[in-house]
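Protein chains in written order, with my numbering: chain A, 308 to 503; chain B, 308 to 503.
We put the CB at the ideal spot given by N, CA and C, even for glycine.
Since the model is a prediction, treat every value here as computed from it, not as a measurement.
Next up, the structure:
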């Protein structure tokens, strides 16, 4: 039993059996995202390529629950990002609460490449394409997004999403993004962004 | 002297010597934009392809002053578009005034392909790359945007832009877009969008 390789990351979600993601996993995820963005025709500067964020949501099971993202701009009025998902990777169920007198973040997901299944509030889909990973998932109205398709999520409403078997690149257009305010259904989840 | 082919378009800018753009010009511009977006890796739905807007700014000199655009989303809080410029095409100088108790539109331009020169308020660039077309142009601080580069324009400030010799595809992320409120320096200019 050795010390985890990347002990600078706060260990969370120990019940999932592994405390941290390694520096190797982080670099692999960042490289994966850069390649997929390039394949989608997205040109990045050198500074942006090393600024790709990797979020493991404190669960330390990155391939299962996680997200790679690049923030283009995030003012106090609007935000634009590219999200990159590994094959079958899930962003856990959450919502964006009101803040600073606003109704909370409103966001539009537009699929660029691959395939992503979005799950939102409403009548659950009878035979959904995805099964959520271990955790707390309560909404099940499925919206399939293929390249060129998009969907807007009202503020304060629950949602989660999972990539298809090839992964996905998804543009996110929204009001100001304040990730640290996100409310996750699974209280073990934290919007941890592993950046180094 | 015949009747203009597309007489359903309101004639404007007659001092420029031609009253309207033809249906052929409109279709050519739309097709150009669709091809350039595809080359940039942007996948459009069939509905979007026919919804590409062509703005001639009422000047009826589309190749010189004009813009092709596709609006992904425009809620009352944020907006995202793709702008497509023909080689050397200029979007005339304008600003976005306050409305509905907001400071006015704030926008980020991100170059996807090609090259675009943005001109904003500030110390004029000594040897600018572009010459504006006939009209009223008063700001001259040049910002060169190549693929992967972006710039954010504060609300209420004057700006114009011109594509390089190959044209450009530019993503625009912003607060809510209300084109009809735009204030152009050249009073002959109108934010006319020719869509049919």
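At a cut-off of 9 angstroms, the C-beta of residue 355/A has a neighbouring C-beta in chain B.
Under a 10 Å Cβ-count criterion, residue 402/A is classified as buried, with 16 or more other Cβ atoms of the shown protein chains found around its own Cβ. Taking a C-beta distance under 9 angstroms as the contact criterion, residue 378/B and residue 360/B qualify as a contact pair.
Counting along the chain, residue 344/A sits inside the alpha helix (DSSP H) bounded by residues 330-346. Take the alpha-carbon of residue 465/B and the one of residue 370/B: they are about 22 angstroms apart.
Taking C-beta atoms as the reference points, residue 420/B and residue 468/B fail to come closer than 9 angstroms. Residue 427/B sits in a strand when the DSSP states are folded into three classes. Within the DSSP secondary-structure output, residue 388/B pairs in a beta bridge with 378/B, 479/B. Under the Cβ distance rule, residue 454/A counts among the residues neighbouring chain B, one pair being separated by less than 9 angstroms. Below 8 angstroms, enough C-beta pairs join the region 486-501 of chain B and the region 431-443 of chain B to call them touching: three or more. Listed as beta-bridge partners of residue 421/B by DSSP are 475/B. Residue 413/A belongs to the set of residues whose beta carbon lies under 9 angstroms from a beta carbon in chain B.
Taking C-alpha positions only, residue 404/A is separated from residue 485/A by approximately 10 angstroms. For residue 406/A against residue 479/A, the beta-carbon gap comes to about 18 angstroms, at or over 8 angstroms, which does not count as contact. Proximity of residue 387/B to chain A, defined by a Cβ-Cβ separation below 9 angstroms, is satisfied. In this structure residue 455/A is not in contact with residue 389/B, their Cβ atoms being roughly 12 angstroms apart against a cut-off of 8 angstroms. Apart from the 5 residues on each side of it in sequence, residue 459/B sits with its Cβ closer than 6 angstroms to the Cβ of 415 in its chain, given in chain order. With respect to the 9 angstroms criterion, residue 382/A and residue 428/B are not classified as neighbours on the basis of their beta carbons. Residue contact with chain A for residue 350/B: present (Cβ-Cβ distance below 9 angstroms to some residue of chain A).
Taken through DSSP and simplified to helix, strand or coil, residue 438/A comes out as coil. Residue contact check for residue 478/B against chain A: a CB pair falls below 9 angstroms.
In summary, the residues of the region 364-394 of chain B whose CB is separated from some CB of chain A by less than 7 angstroms are 379, 380, 382, 384, 385, 387, in the order they occur in the chain.
The Cβ-Cβ distance between residue 385/A and residue 483/A falls below 9 angstroms. Contact check for residue 475/A and residue 364/A: beta-carbon distance about 17 angstroms, past the 8 angstroms limit, so the pair fails to qualify.
Secondary structure of residue 357/B (DSSP, three-state): helix. Beta-bridge partners of residue 465/A (DSSP): none assigned. Taking C-beta separations shorter than 7 angstroms and ignoring five residues to either side along the sequence, the partners of residue 426/B in its chain run 446, 447, 448, 449, 466, 467, 468, following chain order.
Sixteen is the threshold: since fewer than 16 other Cβ atoms of the shown chains lie within 10 Å of the Cβ of residue 408/B, the residue is exposed. Here DSSP, grouped into helix, strand and coil, assigns residue 400/A to strand. Per DSSP, reduced to three states, the secondary structure at residue 452/B is strand.
Under DSSP, residue 494/A forms no beta bridge with any residue. Note on residue 346/A: under 16 other CB atoms within 10 angstroms of its CB, so exposed under the neighbour-count rule. Using a Cβ-Cβ cut-off of 9 angstroms, residue 475/A does not count as an interface residue toward chain B, since no Cβ of chain B sits closer than that to its own. Per the coordinates, the alpha-carbon of residue 410/A lies some 30 angstroms from the alpha-carbon of residue 477/B. For a cut-off of 8 angstroms, the C-beta gap from residue 362/A to residue 374/A is around 5 angstroms, short enough to register as a contact. Shown here, residue 487/B sits in a helix according to DSSP, grouped into three states.
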